[in-house]
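Here's the structure, in structure tokens; my notes come after.
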Amino acid sequence: MEGKIKQAIARCSADYTEVRIERERRSQVLYRKDKLENLETSSELGGIVRCLKDGGWGITVFNDLAQLQEKVGEATRVAQLVALHNAEPVALAEAPVVQEEVKAHLKHDFRNVSLEEKKRLIESYNRILLSTSDKIVSTNVRYTDSLREVTFANSEGTFIVQEIPDVTLLLVAVASDGPTNIQQGFETFGEAGGFEVALDREEDAANAAKRAVDLLDARSVKGGKYTVILDPGLAGVFIHEAFGHFCEADFLFKNERLAKIMTIGAQFGKADLNVVDEGYIPGLRGNTPYDDEGVARRKTHLIKNGVLKSLLHSRETANKMGATPTGNARAISYEHAPIVRMTNTYIEAGHHTLSEMLAKIDRGVYAVKAYGGQTMFEQFTFSAAYGYEIVDGKLGEMLKDVVLTGNLFETLRSIDMIGDDRTLYGGSGGCGKGGQSPLPVTDGSPHIRIQNVTIGGK
Amino acid sequence: MDALLKMLDGKVDQAELLHLCSRTTPIEFRSGKLESIKTKQIEGVALRVIDNGRLGFATTTDVNDPSGLTDAAIAAAAFGEEASFTFPSKMESETPQVYDASVANASEERLVEIGEEAIALIRTADSQAEINLSIAKSVEKVAIENTSGLKLEEERTTIFVSIEVEKAREGDIFLLSDEAQVRHLEDLKPGELVDRLEEQLRLGKTIVPAPSRELPVVFTPNGAIALLLPLIVGFNGKSVYLGISPLKGRIGDTVLDSRLSIADDGTLVRAPGSGAFDDEGTPTSSTALVTKGVLQGFLYDLRTAALVGAKPTGNGYKGGLFGGGGFRSLPGVGMSNVIVGEGATPQARIIAGIEEGLLVEAVLGLGQGNIASGEFSNNVAVAFKIEDGKIVGRVKNTMIAGNAYNLLKDHLIALSDSARWVHGTLNTPAIAVDAVSVVGQGN
Chain A
1 MEGKIKQAIA RCSADYTEVR IERERRSQVL YRKDKLENLE TSSELGGIVR
51 CLKDGGWGIT VFNDLAQLQE KVGEATRVAQ LVALHNAEPV ALAEAPVVQE
101 EVKAHLKHDF RNVSLEEKKR LIESYNRILL STSDKIVSTN VRYTDSLREV
151 TFANSEGTFI VQEIPDVTLL LVAVASDGPT NIQQGFETFG EAGGFEVALD
201 REEDAANAAK RAVDLLDARS VKGGKYTVIL DPGLAGVFIH EAFGHFCEAD
251 FLFKNERLAK IMTIGAQFGK ADLNVVDEGY IPGLRGNTPY DDEGVARRKT
301 HLIKNGVLKS LLHSRETANK MGATPTGNAR AISYEHAPIV RMTNTYIEAG
351 HHTLSEMLAK IDRGVYAVKA YGGQTMFEQF TFSAAYGYEI VDGKLGEMLK
401 DVVLTGNLFE TLRSIDMIGD DRTLYGGSGG CGKGGQSPLP VTDGSPHIRI
451 QNVTIGGK
Chain B
459 MDALLKMLDG KVDQAELLHL CSRTTPIEFR SGKLESIKTK QIEGVALRVI
509 DNGRLGFATT TDVNDPSGLT DAAIAAAAFG EEASFTFPSK MESETPQVYD
559 ASVANASEER LVEIGEEAIA LIRTADSQAE INLSIAKSVE KVAIENTSGL
609 KLEEERTTIF VSIEVEKARE GDIFLLSDEA QVRHLEDLKP GELVDRLEEQ
659 LRLGKTIVPA PSRELPVVFT PNGAIALLLP LIVGFNGKSV YLGISPLKGR
709 IGDTVLDSRL SIADDGTLVR APGSGAFDDE GTPTSSTALV TKGVLQGFLY
759 DLRTAALVGA KPTGNGYKGG LFGGGGFRSL PGVGMSNVIV GEGATPQARI
809 IAGIEEGLLV EAVLGLGQGN IASGEFSNNV AVAFKIEDGK IVGRVKNTMI
859 AGNAYNLLKD HLIALSDSAR WVHGTLNTPA IAVDAVSVVG QGN
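Quick note, the sequences are listed as chains A and B, same order.
With our numbering, letter number 376 in the first sequence gets 376, and the count goes up by one each step, no holes.
Just remember that our numbering sits 458 ahead of the position in the second sequence, which is counted from 1.
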């Protein structure tokens, strides 16, 4: 295949050509309620060509690799059409030419584990969820593994073959106490690892089930403004969703007004706020040794000492904004061109303990684990899986339906304490952007305390 | 019979092959300018086998490795779930005109032209706004064949346009978006999208504070998804089977206001979610869910129907609640087209009758919160304040919350007289309800 790819690129008349070929093998075990719903092993083979001709992008996606040469020609043709309609030609920032092979190192290689063994493990977790209480009416227990072999080549001479492993486990218990009181508890895991990621999760399964049952008796939070402490999981989702996406330069680079808001050097938080996107930390789901433009990983400080330090870039956005590519051009698969994405994103640890944060809060909310989140520019909203009221510096009753909202910039400025207990989560889902979902990412944070957060509710 | 299926015939109890060939051309404009053109040609197959009474599943895009696919599916079946259903045998169903040759033949140049025209229209109304636009055409050929003798094929075309308009000024960014999805080129009316966006731009010029208390809220067709999503989850036979639908066991009960009727209809001519058959080869149908407030039924795929002893409704779709999931995932229960019956009052008159309230066009965080119970809790993305029957400006940083079942049963004010297609396959009028809890930040 290597020869065919290089030949197709050499024969191409575009100014820049890249080819990405992907081969994937994946399996899934899914239990819902008391039944096995899916047992699957699937495979994928496909390719994408991206060409720049006269400054226009043309892209082709295909499965039949025999058509590679023809698809390179088609990408060049549509790129020319784009160039005809756009007077602002695209150019790419320089990137070192790389020739490398990146192998996956799996502790417990899931390819050597039979589908039967995977099934038995997931069935055992499902049994724990179901047997915790007779109020558990349903479950959703899903195991996935995948190994992608991605070959990337471009007309500058870069040729990279990477193996990208991903293992996830989702444990959801649904409890019910009458037709309108339905609650869920969940735990999720995801790593760029082997079968070990899914092992020994019995206690987590029991916790998920117990939480679902506990939530049946939890009180709905009353809407209003609160001092809020976010646990590391929820704080990680906050920094990813509300702030991280704002740093993705493809969102800013053609929009002067937005780019101005995100001027490097702008003060965004207090001096102890540090936010990082880091392309490789052993085992993390967001790991991207080389991105889908062949640019090597790096550690990027987005906020350093409260000040905006860098954005996340592809080669195109880096060129337009006079920056260096950061290795953040990622695609979920061969069906998509790379766009600017996060990898492993986190708030660095501060020096406060959780009890220091709780002290002196008369009335507040401790919000735990993320259920979901969405942002629209500086407006964000995300929901906690559950929470606790804080009364006179102490954790009180369990709360449900905790949905937080606010303005990103005001909220960043209102972070007044950062914990010393940074934790990172891969989760079983992933990030969505521009029709590409789910992309494996990791996010995390220490506990953080924020003043004046709006919580929706009745 | 497909060679692959022939290989399996007699070797396993039953087999089903779904073969999808799609050609998609997505075109992106950013900040008003053409950015990229992509042509995508995907061919994938999904195989379900029932072997010794057990189910196995596998998919591939590796078109040159059919034996890899059959081996994987048979291997999975060795430990799979005991099959509760059989694949359907030959049946007749009519295609609801979901193919349009003028979509299939539309050139990239033609699509670029449509995009450029829409951008120019918005520019005339507002020369300052940032505009992002996507337009894509797709031609899908889906073939389903099984060892029970079923052999079906349908070609479907789609044109999808989405427009995002953004107005930024000191301390405020106003983002609007709208989209349209049609089967036939002549049903595509970008001018209507542009008109709606322009009206919102105009209404949103002034920012006004939102109060924090229970208020009447008019959900436009686009915003109504916040109320309807919990119901859509509740009508799903899978939720009923899993015991997480509050509607379980309530067929014949009055569950919504008597002015409300909701159906799922995959047979609607030229509709975005229509097709002759679902992703399991069951003919699509028109299924009444709620008629005049009374619960009529639920939606089912083959498996879920068998598990609860119901009849499949032709709602076995890949890709979750709203279908459109290609070939990779297992089919589950999904909606085809969701049709909410219209009322009799023009939206403007509903608004005119409200002393103080909100008009909600779009929400953030759809699906967050405990939607199985009917709860919704969303930040408004685009919403306006109503005072003395008039829209006085836009509200920001405001949360709305409530229980959809409760609001649509006991607090319905009115349904507007003009339904439209939103979010692809949902057709609904504006829905006005009382007593939504609103938490505003004052500005």
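Glycine included, C-beta positions come from ideal geometry on N, C-alpha and C.
To the nearest angstrom, report how far apart residue 548(B) and residue 411(A) are at their CA atoms. 60 Å
Closest by CA to residue 740(B), which one among 546(B), 494(B), 514(B)? Distance check between residue 740(B) and each of 546(B), 494(B), 514(B) places 546(B) closest, using alpha-carbon atoms only.
Is the separation between the beta-carbon of residue 39(A) and that of residue 130(A) shorter than 9 Å? No, they are not a contact pair.
For residue 683(B), does the count of other Cβ atoms within 10 angstroms reach 16, so buried, or fall short, so exposed? buried
Given a threshold of 16 other Cβ atoms within 10 Å of its Cβ, counted over all protein chains shown, does residue 469(B) qualify as buried or as exposed? exposed
Excluding the 5 residues preceding and the 5 following residue 477(B) in the sequence, name in chain order all residues of the same chain whose CB lies nearer than 6 Å to its CB. Spatial neighbours of residue 477(B) in its own chain (CB-CB distance under 6 Å, excluding positions within 5 residues in sequence) are listed in chain order as 503, 601.
Based on Cα-Cα distance, which residue from 54(A), 210(A), 41(A), 23(A) lies nearest to residue 48(A)? The residue with the shortest Cα to Cα distance from residue 48(A) is 23(A).
To which residues of the same chain is residue 444(A) closer than 7 Å at the C-beta, ignoring the five residues directly before and after it? Taking residue 444(A) as the centre and dropping the five residues before and after it, the same chain places the C-beta of 232, 236, 346, 422, 423, 424, 425 closer than 7 Å to its C-beta, in chain order.
Got a sec: which bits of the segment 529-543 of chain B sit with their beta carbon under 7 Å from any beta carbon on chain A, in order along the chain? 530, 533, 534, 537, 538, 539
C-alpha gap between residue 111(A) and residue 429(A), whole angstroms: Spanning the alpha carbons of residue 111(A) and residue 429(A) requires a straight line of approximately 21 Å.
In chain order, what residues of the same chain have a beta carbon less than 8 Å from the beta carbon of residue 512(B), not counting five sequence neighbours either side? 535, 536, 537, 538, 539, 540, 541
Taking DSSP as the reference, what is the three-state secondary structure of residue 442(A)? strand
For the segment 701-731 of chain B, which residues have a CB atom closer than 9 Å to at least one CB atom of chain A, in sequence order? For the segment 701-731 of chain B, which is checked against every Cβ of chain A, the residues closer than 9 Å are 701, 702, 703, 704, 705, 706, 707, 708.
Would you call the segment 361-372 of chain A in contact with the segment 221-230 of chain A, where contact means no fewer than 3 C-beta pairs closer than 8 Å? yes
Straight-line CA distance for residue 442(A) to residue 188(A)? 12 Å
Can you say whether residue 689(B) is buried or exposed, counting buried as having 16 or more other CB atoms within 10 angstroms of its CB? Using a 10 angstroms sphere on the CB of residue 689(B), the tally of other CB atoms reaches 16 or more, which defines it as buried.
When burial is assigned at 16 or more other CB atoms within 10 Å of the CB, is residue 761(B) buried or exposed? Taking every protein chain shown into account, the CB of residue 761(B) has 16 or more other CB atoms within 10 angstroms, so this residue is buried.
Cα separation between residue 778(B) and residue 241(A)? 23 Å
Taking only beta-carbon atoms, is residue 769(B) less than 9 Å away from chain A? no
May I ask which residues mark the beginning and end of the beta strand (DSSP E) holding residue 828(B)? Careful: residue 828(B) lies outside any beta strand (DSSP E) and carries neither H nor E.
Going by other Cβ atoms of all chains shown within 10 Å of its Cβ, with 16 needed for buried, is residue 88(A) buried or exposed? Using a 10 angstroms sphere on the CB of residue 88(A), the tally of other CB atoms stays under 16, which defines it as exposed.
Short CB-CB distance (under 9 Å) between residue 651(B) and chain A: no
Here's the rule: buried if 16 or more other CB atoms are within 10 angstroms of the residue's CB, otherwise exposed. What is residue 314(A)? buried
How big is the Cα-Cα spacing for residue 687(B) and residue 825(B)? 7 Å
Please determine, among 60(A), 132(A), 392(A), 311(A), the residue with the shortest C-alpha to C-alpha distance to residue 202(A). 132(A)
Have a look at the DSSP bridge pairing and note the partners of residue 219(A). 399(A)
What separation, rounded to the nearest whole angstrom, lies between the Cα atoms of residue 544(B) and residue 474(B)? Approximately 10 Å, taken between the alpha carbons.
Does any CB atom of chain A fall closer than 9 Å to the CB of residue 492(B)? yes
With 16 other Cβ atoms within 10 Å as the buried cut-off, status of residue 820(B): buried
Along chain B, in chain order, which residues have C-beta atoms closer than 7 Å to that of residue 85(A)? 492, 570
Where residue 377(A) meets chain B, residues with beta-carbon distance less than 7 Å: 631, 633
Which value, in whole angstroms, describes the spacing of the CA atoms of residue 455(A) and residue 858(B)? 10 Å
Would you mind reading off the limits of the beta strand (DSSP E) that contains residue 414(A)? Segment: none, residue 414(A) is in no beta strand (DSSP E) and carries neither H nor E.
Residue 576(B) versus residue 780(B): straight-line alpha-carbon distance, rounded: 27 Å
Range of the contiguous beta strand (DSSP E) that encloses residue 638(B): Boundaries of the beta strand (DSSP E) harbouring residue 638(B): 630-640, taken from the DSSP string.
I'd like to know whether the C-beta of residue 892(B) is nearer than 9 Å to at least one C-beta of chain E. Absent here is chain E; the protein component of the structure consists of chains A and B.
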